[in-house]
Amino acid sequence: MSRIAYVNGRYLPLAHACVNVEDRGYQFSDGVYEVCEVRDSLLIDERRHMARLAFSLSELRIAMPMPAAALSVVFHEVVRRNRVRWGIVYLQISRGVSRRDHPFPPAGTAPSIVVTARNMDFAAAEKMAENGVAVISVPENRWARVDIKSVSLLPNVLAKQAAREQGAREAWFVDASGHVTEGSSSNAWIVTRDGKVVTRQADHGILKGITRTVVIEAIAAQGLTLEERAFTIDEAYAAREAFITSASQIVLPVVKINERPVGNGAPGLIASALRRDFHRFAETS
Ligand code: PDD
Numbered sequence: 024m025s026r027i028a029y030v031n032g033r034y035l036p037l038a039h040a041c042v043n044v045e046d047r048g049y050q051f052s053d054g055v056y057e058v059c060e061v062r063d064s065l066l067i068d069e070r071r072h073m074a075r076l077a078f079s080l081s082e083l084r085i086a087m088p089m090p091a092a093a094l095s096v097v098f099h100e101v102v103r104r105n106r107v108r109w110g111i112v113y114l115q116i117s118r119g120v121s122r123r124d125h126p127f128p129p130a131g132t133a134p135s136i137v138v139t140a141r142n143m144d145f146a147a148a149e150k151m152a153e154n155g156v157a158v159i160s161v162p163e164n165r166w167a168r169v170d171i172k173s174v175s176l177l178p179n180v181l182a183k184q185a186a187r188e189q190g191a192r193e194a195w196f197v198d199a200s201g202h203v204t205e206g207s208s209s210n211a212w213i214v215t216r217d218g219k220v221v222t223r224q225a226d227h228g229i230l231k232g233i234t235r236t237v238v239i240e241a242i243a244a245q246g247l248t249l250e251e252r253a254f255t256i257d258e259a260y261a262a263r264e265a266f267i268t269s270a271s272q273i274v275l276p277v278v279k280i281n282e283r284p285v286g287n288g289a290p291g292l293i294a295s296a297l298r299r300d301f302h303r304f305a306e307t308s
């Protein structure tokens, strides 16, 4: 079965799903994206992802190319046509096609829109969560507006590659003051020795993860204490637990940071419980 992508109004086999060479997403990474988990062929937290999309578009002054209700129809159709049971749906919107020139294109240039979806390996993901993953740290070298979910991901790509080359799943960005901001494609969390769950406040320095928002609700419901503040990499070394969150990884326990075991070196109880209970707090559509 060939995978199908939605491109500017048409559903096409992936091999024929093309964007123009003068698309500003391609030329300048002048665009934004969203990734939703698909579970039992349904979208997880679509409403929240659409709200963040509207924020990213508005910060970059790109027009929403179609009403949210129409976009929702496209999401579900792409999921259906690709027979996704568990996986992700990916949306990208760029400022559109125009002769390559840095300033915004002429008013009325239509934004480009692409939607793809794919299955992921559920058993492999569960196994990874049972074992926990390793992270490394890398210097924070991104721009100052990473709260916008833009497709400009070069530092993230290089950080992730560094992690993989060191046998780790994720890289945590650490700023000049020694504080962890977030992962290259996930939010970063620790549980302190006295049981407080800590994740950085959602300012311009991190992406305000949708998974993060839902996990915060789960933490409150379970009567745990949350601290939204920056934590240092040294605090992370001394933590009882650590974990990462993202739409595609849900809650993933971290058992090693820069080769040092976290806690007793096994996935933590709180991280595992949050992963288990996550979908009770998420919305399905
Ligand atoms: N990544 N921080 C960064 C830099 C991310 O790229 C992501 C998501 C997150 C977590 O956000 P959410 O919980 O809304 O997925 C945090 C997506 C999944 C990706 O790039 O594939």
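Each number in our numbering comes from the position in the sequence shown (counting from 1) with 23 added on.
Cβ atoms here follow ideal geometry from the backbone N, Cα and C, with glycine treated the same way.
Predicted model, so just to flag it, every value in this text is computed and none were measured.
Rounded separation between residue i and residue j - CA only
| i | j | result |
| --- | --- | --- |
| Arg6 | Leu275 | Lying outside 24 to 308, the shown extent of the chain, residue 6 is not represented and no answer is given. |
| Thr215 | Val285 | 11 Å |
| Val137 | Ala28 | 7 Å |
| Glu251 | Glu193 | 21 Å |
| Met24 | Ile242 | 41 Å |
| Val97 | Leu65 | 13 Å |
| Asp226 | Asp170 | 7 Å |
| Glu57 | Asp300 | 23 Å |
| Thr222 | Arg187 | 24 Å |
| Arg77 | Arg283 | According to the sequence as given, residue 77 is Ala; it is not Arg. Cα-Cα distance, rounded: 40 Å. |
| His39 | Arg26 | 10 Å |
| Leu83 | Ile116 | 11 Å |
Residue i in three-state terms, based on DSSP
| i | result |
| --- | --- |
| Phe127 | coil |
| Glu69 | helix |
| Asn142 | strand |
| Gly155 | coil |
| Ala38 | helix |
| Lys150 | helix |
Residue i burial status per 10 Å Cβ neighbour count (16 or more: buried)
| i | result |
| --- | --- |
| Ser208 | buried |
| His125 | exposed |
| Lys172 | buried |
| Phe309 | Lying before the first or after the last residue shown, residue 309 is absent from the chain, which here runs from 24 to 308. |
| Cys59 | buried |
| Lys150 | exposed |
| Val107 | buried |
| Thr234 | buried |
| Ser308 | exposed |
| Trp195 | buried |
Beta carbon of residue i nearer than 8 Å to that of residue j
| i | j | result |
| --- | --- | --- |
| Ala265 | Ala259 | yes |
| Glu163 | Val112 | no |
| Ala191 | Val161 | no |
| Val42 | Val30 | yes |
| Arg118 | Asp53 | yes |
| Val278 | Gly288 | yes |
| Ala211 | Val203 | yes |
| Asp68 | Val237 | yes |
| Val61 | Ala140 | yes |
| Leu230 | Glu205 | yes |
| Ala86 | Pro128 | no |
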